[in-house]
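A.B. asks: Numbering (my numbering), first residue to last: 240 to 358.
The C-beta atom is built at its ideal place from N, Cα and C for all residues, glycine as well.
Please read all numbers here as calculations on a predicted model, not as lab measurements.
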Amino acid sequence: MFYGIQEGSSLNLFVEDESDRASSGGTCAVKSIANYGPIRNTVPLPIALRPLTRAKSIGFSHVLYLDSVNRQFAEETSCCNIFIVKDSILSTPATNGAILPGVTRKSIIDIASDRGYKG
């Protein structure tokens, strides 16, 4: 189970093409509640939560953010890094200043490599 999602179910992602979660040079290089954590009882709604709130209001579970430069490449979701597997190749966005190079991300890449996935 992941973030309240039942085992065997999937994320239902809304592709956000109007705003980004983090940009190079911002707070994305550190773990910060401003990046992920919901802030409650705040009026007006914090800018960081508007895409997720909009996505949930139209039936999506989370947001897929695109890169902040070109807005055409998948970068990460509102709850986690994104990994795509096709033909035994694991793809995930590079840690180019907008993606946190965290231990979970590294562990997934290492385990996938140990199991024969190419990256």
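Check whether the Cβ atoms of SER307 and GLU315 sit closer than 9 Å, and answer yes or no.
C.D. replies: No, Cβ-Cβ distance for SER307 and GLU315 is not below 9 Å.
A.B. asks: Do you know offhand how far GLU257's Cα is from LEU303's?
C.D. replies: Going by the C-alpha atoms only, they are around 11 Å apart.
A.B. asks: When the distance is taken between beta carbons, is PRO290 closer than 9 Å to SER317?
C.D. replies: Contact flag set, yes.
A.B. asks: Using the beta-carbon count (16 or more within 10 Å), is THR343 buried or exposed?
C.D. replies: By the neighbour-count rule (16 or more Cβ atoms within 10 Å), THR343 is not buried but exposed.
A.B. asks: Taking DSSP's pairing of strands, which residues face VAL342 in a bridge?
C.D. replies: Paired residue(s): none; VAL342 is not in a bridge.
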